[in-house]
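Working notes, beginning with the structure itself.
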Amino acid sequence: MSFINDHILTLVTFVPLAGSLALWTVIRRDGLARIFALVVALIDFVLSLHLWFHFDPGRGDDQFVERFAWLLSGEVTYHLGMDGISLVLALLTTFLGPLVILSTWSAITKRVPGFLGFVLFLQTAMLGTFFARDMLLFYVFWEAMLIPMYFIIGIWGGQRRIYASVKFFIFTMVGSVFMLVGILWLFFQAGSMALTDFLNLQIGHEQQLWLFAAFFLAFAIKVPVFPLHTWLPDAHVEAPTAGSVILAGVLLKMGTYGMLRFAMPLFPDGVTFFAPAISILAVIGIIYGALVAMVQPDVKKLVAYSSVSHLGFVVLGLFSLTPMGVAGGIFQMLAHGLSTGALFLLVGVIYDRRHTREISEFGGLAHQMPLYATFFMIATLASVGLPILAGFIGEFMILFGTFHSSTLVHAKLFAILAATGVVLGAIYMFWMYQRVFLGKLSNDKNRNLPDLNLREIVVLVPILVFIFWLGVQPGFILDKIETSVEHVLAPLGVEQHHESQTSESHHARILPAGGTGSPNFVVLEAESH
Amino acid sequence: MNEFFIPAVGSQAGPLLPYLIVAAGGLLVMLVDSFVKTLKKDHLSYLTLFVLLGAILVQITRVPQDGPVLGGMMLIGAYARFFNFLFLGVGVMTTIFATGGFDRDGLYRPEFYPLLLFSILGMMVLAAANDLLTVFLGIETMSLSVYVLAGGVHGNVRSSEAGFKYLVLGGFSSAFLLMGMALLYGFAGGTGFADLTAALRGDSPDITLLTLGSGLVLVGMGFKVAMVPFHMWTPDVYEGAPSYITGFMATAVKAAGFAILVRFVLLLQPQTAFAWYPVLTALTVITMTLGNLVALAQSNIKRMLAWSSIAHAGYLLLGVVTMISPAAGDSEMMLRSSEIGGSAGSAILFYLIAYTLMNLAAFGIINILGKGRGEDGEEIHRYAGLYHRNPVAAATLTVALLSLAGIPPMVGFMGKFYLFSAVVRAGLIPLAIIGVVNSLISVYYYLRVMVMMYMKDEEEDTYSGTEWVSVVTSGMLALLVIYLGIQPNAFQRAAEVIFRQITF
Chain A
232 MSFINDHILT LVTFVPLAGS LALWTVIRRD GLARIFALVV ALIDFVLSLH
282 LWFHFDPGRG DDQFVERFAW LLSGEVTYHL GMDGISLVLA LLTTFLGPLV
332 ILSTWSAITK RVPGFLGFVL FLQTAMLGTF FARDMLLFYV FWEAMLIPMY
382 FIIGIWGGQR RIYASVKFFI FTMVGSVFML VGILWLFFQA GSMALTDFLN
432 LQIGHEQQLW LFAAFFLAFA IKVPVFPLHT WLPDAHVEAP TAGSVILAGV
482 LLKMGTYGML RFAMPLFPDG VTFFAPAISI LAVIGIIYGA LVAMVQPDVK
532 KLVAYSSVSH LGFVVLGLFS LTPMGVAGGI FQMLAHGLST GALFLLVGVI
582 YDRRHTREIS EFGGLAHQMP LYATFFMIAT LASVGLPILA GFIGEFMILF
632 GTFHSSTLVH AKLFAILAAT GVVLGAIYMF WMYQRVFLGK LSNDKNRNLP
682 DLNLREIVVL VPILVFIFWL GVQPGFILDK IETSVEHVLA PLGVEQHHES
732 QTSESHHARI LPAGGTGSPN FVVLEAESH
Chain B
2 MNEFFIPAVG SQAGPLLPYL IVAAGGLLVM LVDSFVKTLK KDHLSYLTLF
52 VLLGAILVQI TRVPQDGPVL GGMMLIGAYA RFFNFLFLGV GVMTTIFATG
102 GFDRDGLYRP EFYPLLLFSI LGMMVLAAAN DLLTVFLGIE TMSLSVYVLA
152 GGVHGNVRSS EAGFKYLVLG GFSSAFLLMG MALLYGFAGG TGFADLTAAL
202 RGDSPDITLL TLGSGLVLVG MGFKVAMVPF HMWTPDVYEG APSYITGFMA
252 TAVKAAGFAI LVRFVLLLQP QTAFAWYPVL TALTVITMTL GNLVALAQSN
302 IKRMLAWSSI AHAGYLLLGV VTMISPAAGD SEMMLRSSEI GGSAGSAILF
352 YLIAYTLMNL AAFGIINILG KGRGEDGEEI HRYAGLYHRN PVAAATLTVA
402 LLSLAGIPPM VGFMGKFYLF SAVVRAGLIP LAIIGVVNSL ISVYYYLRVM
452 VMMYMKDEEE DTYSGTEWVS VVTSGMLALL VIYLGIQPNA FQRAAEVIFR
502 QITF
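Shown next as structure tokens:
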């Protein structure tokens with residue numbers, strides 16, 4: 232048992248890699264490859280459940296730590312660790328993994344072992360990114376993510392796949408290389424690559440600004456923050472369904488995760504300096520993403536732009552620098568991963584049948600595919616943030632946190648503007664739903680479409696269940712992340728302290744500064760406003 | 002004086018044994034080829050491999066007897082041994098690839114084997130040089146053999162042109178080198194490295210003579226490592242020469258150039274540093290940037306890799322520049338500068354290993370493609386769909402190219418990590434930024450080949466040639482590229498130790 236506890240993070244991270252190596256070398260038959268990949272992903276999910284059940288939510292520091300010397304004379308280490316934030320994001324990854332593989336059963340028919348190998352390889356890179364506590368290790372995983380995604384889009388994608396995959400690769404690299412210089416500079420200052428040593432550094436004001444800019448650029452491209460988002464619609468539209476689900480479900484969260492884990496705690500001065508500008512960009516992203524989504528003729532592109540809008544919320548929540556806004560941001564990462572993942576899967580379902588995603592090609596599908604229409608409705612509602620579904624909690628906490636942010640100038644204005652994004656979100660999602668599913672079944676090509684089959688139901692139901700569950704029981708997640716959020720934000724503590732003093736009358740009651748209130752209490756209180 | 006001209010080799014045979022083996026092996030191969038008429042095609046290659054592996058074995062098994070030999074003309078030590086391993090290893094790989102290359106062309110070149118051995122001998126001498134004359138001897142032994150290797154493909158106009166161009170420009174660079182050496186001789190009153198050091202530490206060194214002389218020598222060495230603006234020969238020669246030779250030139254010849262360049266700049270530190278540091282810095286930046294930018298526009302993979310090798314020379318020069326960067330400011334900085342020099346120097350050595358492995362893996366594949374069409378696998382558009390026809394070759398080339406682009410978890414990334422962290426430690430942040438931006442640019446042209454191999458559909462004229470020995474050899478190199486990308490520590494530590502030896 233202690234072996235498991237000591238090495239669980241390594242196991243969770245590298246089991247998929249072992250699977251992908253097997254898929255690339257020995258497994259040749261498509262059917263076998265699918266079953267094998269599914270089994271590997273399930274094993275990985277089961278292993279990650281161990282983390283969930285043995286995680287101590289009362290501690291904000293890293294758990295299940297593994298650390299040994301890697302490079303130089305031990306300045307660079309193989310250092311994995313996990314706090315609540317990493318936990319929920321890693322669980323999201325391992326949870327989506329088997330579902331994604333199951334969803335490719337009929338969509339991917341050429342070079343199946345290769346494809347599934349890349350999916351599993353990507354899984355390893357993403358999990359490693361969430362667990363890494365050594366900056367070089369983090370960077371290695373972060374960059375290694377590019378390779379499988381590049382091939383997934385480029386080989387199995389649509390018409391303009393080459394353009395999209397190269398654009399994805401180059402855009403992401405642009406940000407990362409500057410971060411690398413920043414990391415190297417910090418390495419030289421700290422004498423080690425450990426994140427904790429970086430956090431202990433006293434960095435001058437001006438240096439903090441530069442370093443924050445370098446790190447933020449890398450993460451903002453990944454999120455993507457307006458105006459760095461242009462790679463995202465291309466990548467989403469050209470990627471196969473599985474690629475889109477991973478991209479929207481997990482990969483984009485790397486950016487917001489990176490901001491929260493690295494950029495913000497390491498450079499508090501940078502945060503204070505840039506927070507207003509970033510919040511403005513986030514709000515622009517929310518509204519711009521929604522407006523552009525509204526006019527998309529292609530369902531997938533619409534969902535892609537909705538991601539720009541939703542992740543704008545996450546960024547806004549993080550830079551509100553209130554515990555509630557940040558926790559809401561993390562919650563929204565999960566909710567968005569689930570709801571958008573479900574939407575991409577659903578779009579994939581109809582694309583498999585009709586090989587088009589143009590809204591104008593459809594209409595009245597609800598008559599022909601009632602179950603499909605129902606599932607789509609639930610995902611749509613979750614995406615627009617209907618209460619009792621997952622999307623609501625996150626958006627609400629973000630808006631609430633932003634509204635009461637004392638560090639952000641014009642925080643109330645930002646919150647109100649962002650709230651219009653919620654309204655716009657409802658408009659474009661429902662309008663799309665109406666045009667695709669309601670009305671008369673006008674296009675004859677849609678007459679004989681079969682409804683969801685068992686496999687597709689099996690893929691979608693777990694996600695929808697969790698969408699409900701998180702909506703009703705947000706404490707399920709918030710319990711796990713609360714202490715960790717406080718721990719991560721501790722370096723920004725001056726601001727928090729300041730805030731709890733100025734808006735004491737209102738805010739302190741909702742989330743006591745010491746974080747003594749239980750998360751359930753937090754949310755219930757929040758909802759009552 | 003007598004022992005200077007007729008050195009007592011007998012007493013010093015021990016440390017010189019690897020050199021003697023390679024030299025005798027070269028002669029033996031040449032004689033066997035001329036006189037043994039019943040020889041089958043592959044026999045010479047086995048003999049050459051035997052010689053090279055024998056030399057490697059002797060290197061490994063003999064107890065090192067470090068120190069100057071031949072009256073101080075050569076300095077045997079860990080540094081020389083490190084490069085010997087590199088050259089001999091590249092020699093082994095090149096011999097294996099050459100067999101595939103002959104097979105592809107249907108053209109057998111027996112003169113290849115002795116020339117290869119002689120050029121390796123030249124490089125080994127160069128890496129152990131402890132005297133300006135030895136430097137010249139090594140460079141010329143190496144270069145003369147490589148001129149013929151590059152240009153001697155019978156009936157191939159492009160190869161002949163390449164060889165001729167290389168010869169003319171190489172002669173030009175030798176003239177610079179010689180002139181520089183003459184000036185340095187005037188400065189030091191001797192040609193030994195020890196004389197130079199003594200003269201530097203002397204009462205009133207003639208800085209003008211030193212600066213001029215070392216500048217000219219640097220120009221000569223710049224030709225060998227393809228530093229801009231002395232890079233003009235590189236694309237044409239790399240393109241015209243057969244791929245297995247191109248691989249040899251891109252790795253071993255370049256490494257030999259850096260072996261002596263590093264020795265030389267360290268020798269004359271800090272005087273050269275003050276005189277030439279700004280110029281070298283500027284040239285480094287130009288070398289990196291020009292190499293990468295021009296590589297973007299190439300449609301021939303050998304030309305592309307030629308420009309990329311110029312860019313990689315730029316990265317290595319970045320290490321050299323960092324190594325000699327004048328310690329600015331306070332005394333603490335002075336204290337640190339030797340440490341910085343050490344980390345930059347060991348980073349150069351590590352990067353040379355990384356660069357050699359990944360480039361050889363790439364050229365090993367390029368070499369065998371295009372079989373049956375009488376050309377190297379050089380047209381990028383003919384890589385379309387290679388993955389379908391030959392997945393192992395495509396995967397190997399992919400690993401090599403990703404590594405060249407510096408993407409983890411390949412060794413190329415680790416090389417850049419060590420290199421750039423030395424640069425950042427020295428406080429040269431702008432140079433580091435220019436370096437990473439350059440590696441960003443390079444990603445684009447490496448990706449283009451991958452796009453062709455994996456994402457384009459097969460076409461009529463897609464390359465399909467295979468030769469399993471070369472594919473397996475390159476595949477092993479690719480595995481090594483990945484392994485060293487994950488576990489580079491042993492090599493890096495060794496590089497540190499080795500580098501410390503030459504700086505004392």
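Chain order of the listed sequences is A and B. For the first sequence, this note's numbering assigns the number 232 to the initial residue and increments by one for each residue that follows. For the second sequence, this note's numbering assigns the number 2 to the initial residue and increments by one for each residue that follows. Cβ atoms here follow ideal geometry from the backbone N, Cα and C, with glycine treated the same way.
Opening and closing residue of the beta strand (DSSP E) in which LEU76/B lies: 75 to 77
Sequence-distant residues of its chain with Cβ nearer than 6 Å to ILE515/A (five each side left out): PHE457
Whole-angstrom distance between GLU162/B and ALA312/B, CA atom to CA atom: 24 Å
Reference ASP500/A, options LEU577/A, ILE434/A, PHE699/A, LEU630/A, closest by Cα: ILE434/A
Straight-line gap, ASN439/B to PHE668/A (C-alpha atoms, nearest Å): 50 Å
Euclidean distance between Cα positions of LEU506/B and VAL615/A: Outside the shown range of chain B (2 to 505) lies residue 506/B, about which nothing can therefore be said.
Those residues which DSSP pairs with LEU302/A across a bridge: VAL307/A
Interface residues of chain A facing PHE421/B [CB-CB closer than 8 Å]: LEU411, VAL412, LEU415
Below-9 Å beta-carbon distance, ILE378/A vs any chain B residue: yes
Meets three-Cβ-pair contact criterion under 8 Å: the segment 324 to 334 of chain A and the segment 471 to 487 of chain A: yes
Whole-angstrom C-beta distance between SER317/A and PHE361/A, which should lie under 8 Å: 5 Å
C-beta contact flag for VAL64/B and GLU112/B at 9 Å: no
Proximity test, Cβ basis, 9 Å: THR651/A and chain B: no
DSSP beta-bridge partners of PRO69/B: LEU76/B
Sub-9 Å separation of THR142/B and SER174/B beta-carbons: no
Closer than 9 Å at the beta carbon, the chain B residues around ILE401/A: LEU441, VAL444, TYR445, LEU448
Residue closest to ASP104/B, alpha-carbon to alpha-carbon, out of PHE492/B, ASP237/B, GLY181/B, VAL470/B: VAL470/B
Contact the segment 475 to 488 of chain A vs the segment 561 to 577 of chain A: 3+ CB pairs below 8 Å: yes
Closer than 9 Å to chain A by CB, TYR316/B: no
Reference THR252/B, options VAL452/B, LEU45/B, LEU306/B, closest by Cα: LEU306/B
Rounded distance between the beta-carbons of ALA189/B and LEU179/B, thought under 8 Å: At roughly 16 Å, the Cβ-Cβ gap does not stay under 8 Å, so LEU179/B and ALA189/B are not in contact.
is_contact[SER423/A, chain B] using C-beta, thresh 9 Å: no
Within 9 Å, strictly: CB atoms of ILE287/B and GLY315/B: yes
CA-to-CA distance, SER309/B to GLY386/B, given in whole angstroms: 23 Å
Contacts around ALA129/B, its chain only, beta-carbon distance under 7 Å, and the 5 residues preceding and following it disregarded: MET75, LEU76, ILE77, ALA81
Cross-chain neighbours of LEU403/B in chain A, by beta carbon under 8 Å: ILE378
Cβ neighbours of PHE500/B in the same chain (closer than 7 Å, five flanking residues each side left out): GLY343, GLY346, SER347, LEU350
C-beta neighbour in chain B for ALA375/A, strict 9 Å: yes
Between the CA atoms of ASN677/A and LEU370/B - distance to the nearest angstrom: 49 Å
Span separating the alpha-carbon of MET359/B from that of THR256/A: 21 Å
Amino acids of chain A, ordered along the chain, whose beta-carbon sits closer than 9 Å to that of ASN293/B: Correct list: empty, because the minimum Cβ distance to chain A is about 13 Å.
Chain A contact for TYR455/B (CB, 9 Å cutoff): yes
CB contact flag (ILE609/A, LEU695/A, <9 Å): yes
C-alpha gap between GLY101/B and ARG383/B, whole angstroms: 19 Å
Any chain A beta carbon closer than 9 Å to ARG426/B: yes
Through-space distance from LEU87/B to PRO489/B, alpha-carbon basis: 16 Å
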